[in-house]
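To start, the structure under review is shown below, and the notes come after it.
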Amino acid sequence: MSVPPTTEQPAPLRIPRLQFLSQKAAAVGKKVTTRHGWVGDYDYAWLCMPSIPFFRKCHASPPFYGLESELPLLVAITCGLQHALAMLAGLITPPIIFASSLSLDPKTSAYMISASLIGCGILSLVQMSRLRLWRNYYLGTGMLTVVGTSFATLSTASGIFNILYSNGTCPSTKGQDGTITRLPCPDAYGYVLGTSLICAFLEIFMSLVPPRLLQRIFPPMVTGTVILVIGASLVGESGIPNWGGGSNACRSRPESGFFQLCPNIAAPRPKLWGSPEFIGLGFVSFVSIILTEIFGSPFLKNISIIVGLVVGCIVAGATGYIDGSSIKTAPAITFLWVHTFRIRVYAPAILPMLAVYVSLAMEAIGDITASAEVSQLPVQGEEFDTRIQGGILADGLGGFFSALFTVTPLSVFAQNNGVIAITRCASRAAGRWCCFFLILFGVLGKISGVFLAIPNSVLGGVTTFLFASVATSGARVLAYAKYTRRDRFIIAAALCFGFGNLLVPEIFTHLFDSVHNSSSGLRGLLDAIEIILTTPFLLAGLVAMVLNLILPQEEKLSEEHYDAEHSLDNAETGSIHKEERSGA
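Residue numbers for the sequence shown follow my numbering, so the first one is -4 and each next one is one higher.
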């Protein structure tokens, strides 16, 4: 007799799922309610004990925690906070510079800082995921990879702002002594957001290109040159000017007007740009970073930039240089879209912004490679290629959604790689706590007001070091080049324009003065060319990329000869070091 089919077939599948959920709940309950679940066996003394030079260290490094390692809650929270603090100075600097360049009011400026922090927290969660979209195409790297406000946008946005003020789109006034004062222009920021929104599709398209092909088109001598010039230009455009008192109109020391003194005549204890008081405040912050590196614990060393800001603000507050109005006007709680900007596309900025996204994709490849290396993951093979592809795709989507979040392009940040290397914690659990703290810092609006109250000289002393670190990263990438005659020629030609434009920025500003009254279409094209020519890293990167594509490769024999000489040099150097060690 045949048995009739049963209608309760899904029942066997429900039991394992219920068991899995109950086991998961039990594991969570055990972690929350037990001492081992909170503390574990991590060496907190190693993390927090100061480093005393010439004293023997008795604490060994903690064990390495991989991507999916189970972390005690206190370790995950501590490492997540450390990642967030290590990123913090880099995240708040671009919106502060944008707001200062456009003379925006404190309330709007504080919102821009909050939006940057919240956007970074949300999009970092996306970057840490590894969602399979189709076959071997993914979204995100699946590693502890965070995103932050890109420094590459600063120089390009500065060029866009200069054009908008010069052609009358943004208002400005001219004083009796000829000094031009820029008035608030939030529409200029909306132009940057709208242009970056549509240009983000270029990086999304680049994620579909095999990473090896991208690395062939953009080798280390191209990307390293771009990063090096970005860091150097930021030191000259923002770091050192703010160290002297301000990067606005007060830098020219006008004889009258609102910016006769720095940061302006309404600020507490204003002084002329470059005054000893301003230089001293910046120097206090800078020296604090150095002392933290010498004596600080591993935890403090990773947040030395924040230490410099805190010490500088304490000294500035004690001497009366801090204006607390931004803290009073900032809301207690805020979120995205509390303040909005009129998003529009500025056609002359499309070409420069496309170049920015190319540089962002190349920088993302290097940062993702470094993250995989410190996370003890393979940096070759199919799995690594999919991480690169997923990271670039998330980077492009991040640029699109960051514009909707009223934030300039958010790209992969490299600051967390040093934190992973020192703490030996690459777990994504710590990364999720990092995102939680970033969003929390952004939601608490008073924190943005505190950041905005930092005096320019204190900020300059810290950001000068931060931007110099960017330039150092570029020099490190250049070290991967073989430095054949062809490589040296390309780098030298690119730096001719990069450093030349950086040292004499006005060389191309009058290039198209004779066609000033041309048609609007031609004028827009000329404005786009002028933005590229007056942005050092774009011009240097363009020259390096074109020369790399058109210059013939050297003969294979010469390359082998170079490799042989290079290996011989390394062998001789290693022999010398070995003799020195044996002698010691």
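Glycine included, every Cβ here is placed at the ideal spot set by N, Cα and C.
Checklist line | Unbroken beta strand (DSSP E) run spanning L592, endpoints | finding: The requested residue 592 is not part of the displayed model; the chain covers only -4 to 579.
Notebook entry, point to check: Whose C-beta lies closer than 8 Å to the C-beta of P373 among residues of the same chain, with five residues either side of it excluded?
Noted result: Once the five neighbours on either side are set aside, the close Cβ partners of P373 are A367 and F379.
Check: If you follow the beta strand (DSSP E) that W129 is part of, which residue opens it and which one closes it?
Finding: Its beta strand (DSSP E) spans residues L126 to W129.
Note to self: In whole angstroms, give me the CA-to-CA distance for S161 and E232.
What the structure shows: Approximately 18 Å, taken between the alpha carbons.
Next item on the list: Rounded to whole angstroms, what's the CA-CA distance from V282 to G303? Just pull it up for me.
Entry: Approximately 8 Å, taken between the alpha carbons.
Note to self: Taking the alpha-carbon of I417 as reference, which of P89, L295 and T314 has the nearest alpha-carbon?
What the structure shows: Here the closest residue by C-alpha is L295.
Notebook entry, point to check: Got a sec, what are the start and stop residues for the beta strand (DSSP E) G143 sits in?
Noted result: Residue range V142 to T144 is occupied by the beta strand (DSSP E) that includes G143.
Check: DSSP state of C180, grouped into three classes?
Finding: If DSSP states are grouped into helix, strand and coil, C180 belongs with coil.
Checklist line | Local conformation of P161 per DSSP, three classes | finding: Rather than Pro, the amino acid found at residue 161 in this sequence is Ser. DSSP, read as helix, strand or coil, puts S161 in helix.
Item checked: Spatially closest choice to I113 from K477, I545, V414 and L405, by CA coordinates -> From the listed residues K477, I545, V414 and L405, the smallest Cα separation to I113 is found for L405.
Check: Run through DSSP, which three-state label would L597 get?
Finding: The structure shown does not extend to residue 597, since the chain spans only -4 to 579, so no value can be given for it.
Margin query: For L186 and Q384, which I take to be in contact (beta-carbon distance under 8 Å), what is that distance rounded to the nearest angstrom?
Written below: Before going further, note that residue 186 is Tyr rather than Leu in the sequence given. With a Cβ gap of about 31 Å, Y186 and Q384 do not count as contacting.
Next item on the list: Have a look at L473 and N412 and give me their C-alpha separation to the nearest angstrom.
Entry: Approximately 19 Å, taken between the alpha carbons.
Item checked: C-alpha gap between A344 and V351, whole angstroms -> A344 and V351 have their C-alpha atoms roughly 10 Å apart.
Margin query: Spatial neighbours of A195 within its chain, please: C-beta separation below 6 Å, excluding the five flanking residues on both sides.
Written below: These residues qualify, in order along the chain: G391, G394 and F395.
Check: Which residues share a DSSP beta bridge with Y132?
Finding: According to DSSP, Y132 shares a beta bridge with W129.
Margin query: Please report the distance separating the alpha-carbon of N259 from that of T164.
Written below: So the two alpha carbons sit approximately 24 Å from each other.
Note to self: Relative to the C-alpha of G361, which candidate in V221, F492 and A398 has its C-alpha closest?
What the structure shows: Taking only the C-alpha atoms, the option nearest G361 is V221.
Next item on the list: For I175, write down the residues that DSSP places opposite it in a beta bridge.
Entry: Within the DSSP bridge table, the entry for I175 names K169 as partners.
Next item on the list: Keeping to the same chain, check which residues put their C-beta closer than 8 Å to that of L286; ignore five residues upstream and five downstream.
Entry: Excluding residues within five positions, none has a Cβ falling inside 8 Å.
Checklist line | Exposed unless 16 or more other CB atoms sit within 10 angstroms - verdict on T458 | finding: When all chains shown are included, T458 counts as buried.
Next item on the list: Count the other CB atoms, across all protein chains shown, that sit within 10 Å of the CB of S515; report buried if there are 16 or more and exposed otherwise.
Entry: Result: exposed.
Note to self: Which complete alpha helix (DSSP H) runs does the stretch 402 to 471 hold, if anything under 4 residues is left out?
What the structure shows: Listed in chain order, they are 410 to 418, 423 to 438 and 440 to 447.
Checklist line | Between the CA atoms of I485 and E549 - distance to the nearest angstrom | finding: For E549 and I485, the distance between alpha carbons rounds to 13 Å.
Next item on the list: Kindly identify the DSSP beta-bridge partner or partners of I328.
Entry: Beta-bridge pairing links I328 to L439.
Notebook entry, point to check: Three or more beta-carbon pairs under 8 Å between the stretch 322 to 335 and the stretch 108 to 122, yes or no?
Noted result: Yes: the two stretches touch, three or more of their Cβ pairs being nearer than 8 Å.
Next item on the list: Could you say if the stretch 439 to 457 and the stretch 238 to 256 meet the contact criterion of at least three C-beta pairs nearer than 8 Å?
Entry: Because the criterion of three Cβ pairs below 8 Å is met, the stretch 439 to 457 and the stretch 238 to 256 touch.
Notebook entry, point to check: CB G456 to CB V279, shorter than 9 Å?
Noted result: Taking a C-beta distance under 9 Å as the contact criterion, G456 and V279 qualify as a contact pair.
Notebook entry, point to check: Going by Cα to Cα distance, which pick from L149, V34 and Q255 is closest to T176?
Noted result: For T176, the nearest C-alpha among the options comes from Q255.
Item checked: Per-residue DSSP class, three states only, for K266 -> Three-state result, K266: strand.
Notebook entry, point to check: In chain order, which beta strand (DSSP E) runs of at least 3 residues are fully inside the stretch 244 to 302?
Noted result: With a minimum length of 3 residues, no continuous beta strand (DSSP E) run stays inside the stretch 244 to 302.
Notebook entry, point to check: Mapping DSSP to helix, strand and coil, what is Y60?
Noted result: Strand at Y60.
Notebook entry, point to check: Quick one: is E288 buried, meaning 16 or more other Cβ sit within 10 Å of its Cβ, or exposed?
Noted result: Around the beta carbon of E288, a 10 Å sphere encloses fewer than 16 other beta carbons of the protein chains shown; the residue is thus reported as exposed.
Margin query: To the nearest angstrom, how far is the alpha carbon of V217 from that of L83?
Written below: Roughly 28 Å separates the two Cα atoms.
Check: In the structure shown, what three-state DSSP assignment does L544 receive?
Finding: Of the three classes helix, strand and coil, the one that applies to L544 here is helix, per DSSP.
Note to self: Once DSSP output is grouped into helix, strand and coil, what is the label at Y557?
What the structure shows: Bear in mind that the predicted position of Y557 carries a pLDDT of just 49, short of 50, making it unreliable; the figure below should be weighed with that in mind. In this structure, Y557 counts as helix in the three-state DSSP scheme.
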